[in-house]
Amino acid sequence: MAKGDLPVLVGVGQSLSQWDGTAGPAGAPSPLSLMVDASKAALDDTGAAGIAGAIDTLAVVRIFEDSVRGAPHPHGHNTNLPGTLARDIGAAPANLIYETVGGQSPQALVNEMAAKVFEGEIECALISGSEANRASKGARRNGVEINWADEADAEYEDRGTGPMMLSREEIKHGIVAPAYFYAMFENAIAGREGRSRSEHRKAMAELFQPFTAVAAKNPYSQFPVERSVEFLSTPSKANYEYADPFLKWFIAQDAVNQGAAAIVMSSSKADELGIAEGKRVYLHGAGEGSDDFISVRPRLDGSFAMEAAISRALDQSGKTAADMAHFDLYSCFPCAVFSSTQALGVDWKTDKRPLTLTGGLPFFGGPGNNYSLHGIAEMVAKLRGDAGAFGLVLANGGWMTKEAVGVYSTARPAEFTPVARYARPAEEIDVCSEDCVAKLETFTVTHGKEGPNKGIIFARLPDGRRALANASPAALAVLREDASPVGRSVKIMVEGETGTFDFA
1 MAKGDLPVLV GVGQSLSQWD GTAGPAGAPS PLSLMVDASK AALDDTGAAG
51 IAGAIDTLAV VRIFEDSVRG APHPHGHNTN LPGTLARDIG AAPANLIYET
101 VGGQSPQALV NEMAAKVFEG EIECALISGS EANRASKGAR RNGVEINWAD
151 EADAEYEDRG TGPMMLSREE IKHGIVAPAY FYAMFENAIA GREGRSRSEH
201 RKAMAELFQP FTAVAAKNPY SQFPVERSVE FLSTPSKANY EYADPFLKWF
251 IAQDAVNQGA AAIVMSSSKA DELGIAEGKR VYLHGAGEGS DDFISVRPRL
301 DGSFAMEAAI SRALDQSGKT AADMAHFDLY SCFPCAVFSS TQALGVDWKT
351 DKRPLTLTGG LPFFGGPGNN YSLHGIAEMV AKLRGDAGAF GLVLANGGWM
401 TKEAVGVYST ARPAEFTPVA RYARPAEEID VCSEDCVAKL ETFTVTHGKE
451 GPNKGIIFAR LPDGRRALAN ASPAALAVLR EDASPVGRSV KIMVEGETGT
501 FDFA
């Protein structure tokens, strides 16, 4: 293994199952089986023999059940996904990795493996991941027994679940689900644009309608249905309210059985194994950024981490957003795309370039931490058919907390620079935990089966501090009006660790 060897992606694969338990246990997928199928497809995709035997590093993206501390394993626990995957594809890598939590993981792992190849630490890495939440939910709903339990003796590096991404203040005020965090971003953007709830729902629907068209044509989509702006923007039984302003189909759908894999190796190893030039896609630029708890971020209508990761990747590649022919931008919620296009300087209303290659997390499917490995697989396929063009993949973790970006092309780069350490914000704001009068900055209303149940706001004091509060019954009724309350004065009373507000 020589230092300075150029890393290259040489194989990608995807897998899909629509199994939901309604026809009994036959054919039920597991996270492992979906990874095995995708990994074998990636090995075949290289067009060369002997690839499995060349793998010296195998990294698995963390599955949902292992991403939440204390989460149950209702179908049994595979205690060594990297080891069992290696076993089932006939590989014997020296290095096995079980990645940490976050949707940034697939691109971050490509960045990391490419850097390790360049540094001469490894020669060939397989990255894979999957989710089988559709199977899990279907089995439990239909009373079908499925078994995912497995183990392997091989030692592996377990990178754990990582640091908490929720502050105590956020938890105390009920901001505990991804949609609640992203709703705070979404309504900050709506407030900036001067939109009412209905106006912003229309904007979100106009952004996402083309995503549904891409998903409808993708053979690996879990939900291949093209949907109209009217359907997406209108509350209905099939598109119910969840957290203002989100309806169901504005949200990443996790009821999927999807797997993906990618192979990164040194150019000299690719030469040795006889991998054709037409299979090779190069990483020209990589960037990574991270952010703080959302309650201490200076602004909520954009993303420091996205801006940092995108600018670093583009700078490293020597390209601009205008040079990108293809994008796959993380799309768990519309605000993630609004924020990334803002960071790119791309006008989503007028730019003709599609913003997704898969169809996006609400429509293609949202397989937990692993979505962007599907985006990378689609990017590799797209660039092989568009030789010399450039494409950008943005992978997002947490609540725009961890970002990883890759710029790709079949064009061979003159040089390679390993990814730099995560960019970190230099500024954070203080949280006020006392009675105060402030201006409403952003908000959401969460919904249960009986309708709206909790209003949550962030508000800014004249001295720049931020206060968190829940709505009184009277204030909740105002939050449910179509007009945006952003900018209105609120009076917050604090009892214990929780604030309650009324409009002043």
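In UniProt numbering, the protein residues as written are 1 to 504. Every residue gets a Cβ at the ideal spot worked out from N, C-alpha and C, and that includes glycine. Only a predicted model underlies this, so the values are computations on that prediction, with no experimental measurement involved.
Checklist entry - Between residue 284 and the rest of its own chain, which residues show a CB-CB distance below 6 Å, the 5 nearest in sequence each way excluded? => result 317, 407, 409, 413
Checklist entry - In angstroms, rounded to a whole number, what distance separates the CA positions of residue 375 and residue 12? => result 11 Å
Item to check | Cutoff 8 Å; reference residue 67; Cβ partners in own chain excluding five residues on either side | outcome: 101, 161, 368, 369
Checklist entry - Nearest to residue 137 by alpha carbon, out of 7, 256, 422? => result 256
Item to check | Nearest candidate by alpha-carbon position, reference residue 493, set 478, 471, 62, 140 | outcome: 471
Item to check | Where residue 452 sits in the DSSP three-state scheme | outcome: strand
Checklist entry - Between residue 498 and residue 202, is the Cβ-Cβ spacing less than 9 Å? => result no
Item to check | Assumed close pair residue 222, residue 364 - CB separation to whole angstroms, cut-off 8 Å | outcome: 7 Å
Checklist entry - Got a sec? Which residues, its chain only, sit under 6 Å from residue 287 by beta carbon, not counting five neighbours each side? => result 309, 312, 313, 405
Item to check | Validate contact between the region 105–121 and the region 256–275 using beta carbons, cut 8 Å, 3 pairs | outcome: yes
Item to check | Same chain, Cβ closer than 8 Å to residue 120, five either side skipped, listed in chain order | outcome: 1, 2, 3, 4, 5
Checklist entry - If you follow the alpha helix (DSSP H) that residue 34 is part of, which residue opens it and which one closes it? => result 31–45
Checklist entry - Cα separation between residue 34 and residue 204? => result 32 Å
Checklist entry - Which word fits residue 487, buried or exposed, when buried means at least 16 other C-beta atoms lie within 10 angstroms of its C-beta? => result exposed
Next on the checklist: Taking the alpha-carbon of residue 30 as reference, which of 15, 23, 106 has the nearest alpha-carbon?
Outcome noted: 15
Checklist entry - Around the Cβ of residue 18, are there at least 16 other Cβ atoms within 10 angstroms (buried) or fewer (exposed)? => result exposed
Checklist entry - Which one of 246, 278, 216 has the shortest CA to CA distance from residue 178? => result 246
Item to check | Opposing strand residues paired with residue 461 [DSSP bridges] | outcome: Bridge partners of residue 461: none, in fact.
Next on the checklist: Going by DSSP in three states, residue 7 sits in which element: helix, strand or coil?
Outcome noted: strand
Next on the checklist: Could you pull the DSSP bridge partners for residue 581 from this structure?
Outcome noted: There is simply no residue 581 to check, as the chain begins at 1 and stops at 504 in what is shown.
Checklist entry - Who are residue 289's beta bridge partners in DSSP? => result 403, 423
Checklist entry - Helix, strand or coil for residue 12 per DSSP? => result strand
Checklist entry - Does the distance from the CB of residue 400 to the CB of residue 321 come in under 9 Å? => result no
Item to check | residue 276 in three-state terms, based on DSSP | outcome: coil
Checklist entry - In chain order, what residues of the same chain lie with their CB nearer than 8 Å to the CB of residue 22, ignoring the 5 residues before and after it? => result 138, 142
Checklist entry - What residue from 371, 10, 273, 353 has the CA that sits closest to residue 331's CA? => result 371
Checklist entry - Taking the alpha-carbon positions, what's the residue 41 to residue 481 distance? => result 51 Å
Checklist entry - What first and last residue would you give for the alpha helix (DSSP H) that runs through residue 374? => result 371–384
Checklist entry - According to DSSP, what are the bridge partners of residue 260? => result 14, 129
Item to check | Boundaries (first-last residue) of the beta strand (DSSP E) holding residue 77 | outcome: No beta strand (DSSP E) holds residue 77; DSSP gives it neither H nor E.
Next on the checklist: Beta-carbon within less than 6 Å of residue 227's beta-carbon, same chain only, minus the 5 sequence neighbours each way: which residues are those?
Outcome noted: 212
Checklist entry - Across which residues does DSSP place residue 447 in a beta bridge pair? => result 452
Item to check | residue 503 in three-state terms, based on DSSP | outcome: strand
Item to check | Cβ-based neighbour list, residue 491, same chain, cut-off 7 Å, excluding 5 preceding and 5 following | outcome: 437, 501, 502, 504
Checklist entry - When DSSP labels each residue in this structure, what does residue 240 get in the three-state scheme? => result coil
Checklist entry - Since residue 442 contacts residue 300 with CB under 8 Å, what's their CB separation in whole angstroms? => result 6 Å
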